[in-house]
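Before any comments, here is the structure.
Numbering (the numbering used here), first residue to last: 17 to 171.
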């Protein structure tokens, strides 16, 4: 299944208007679900969840019953909480204790996503400061998952 597929359905814009997005925690992946009077079985061959405004950036693997099912990229806000820092105290411990977590960052930032039939890539773009004008923008990391895969690569 490619990233522009949703439950195996395609419409003129890549997604059938009758399709339903299933987010983690709302239903068991692969479990039957009733939508508009019909029973469907959601497919999530390469689930990508994009979330934001947690005041820091994260990228990690998602699992259900210890089985990899997708990836998630969480983006921060450019204007939240001062300048931030690359990694706050304790981030190394958080990474060590959570092997599914592949990236963490506490700088003010935003993300740019590139979605192609071959992959989904989220670039984490950070500013060295927002408290004064003239901050420098740079790419801190990229999180990428190939179509049909649930393995997140950080570069």
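Even glycine gets a Cβ: it sits at the ideal position worked out from N, Cα and C.
One or two residues paired with residue i in a DSSP bridge
i	result
residue 138	129 and 159
residue 90	67 and 74
residue 122	101
residue 111	DSSP output for residue 111 lists no bridge partner at all.
residue 83	80
residue 154	142
residue 117	76
Distance between residue j and residue i (C-alpha atoms, nearest Å)
i	j	result
residue 123	residue 109	18 Å
residue 162	residue 134	6 Å
residue 145	residue 97	11 Å
residue 78	residue 143	28 Å
residue 170	residue 117	11 Å
residue 86	residue 76	9 Å
residue 100	residue 139	18 Å
residue 91	residue 80	22 Å
residue 156	residue 141	6 Å
residue 111	residue 165	22 Å
residue 130	residue 70	21 Å
residue 103	residue 65	23 Å
Given residue i as reference, the closest of the options once Cα atoms are compared
i	options	result
residue 158	152, 133, 168 and 151	168
residue 105	114, 165, 120 and 91	120
residue 83	131, 61 and 154	61
residue 68	117, 103, 127 and 113	127
residue 154	65, 94 and 160	94
Outcome for residue i when other beta-carbon atoms lying within 10 angstroms are tallied against a minimum of 16
i	result
residue 63	buried
residue 137	buried
residue 73	buried
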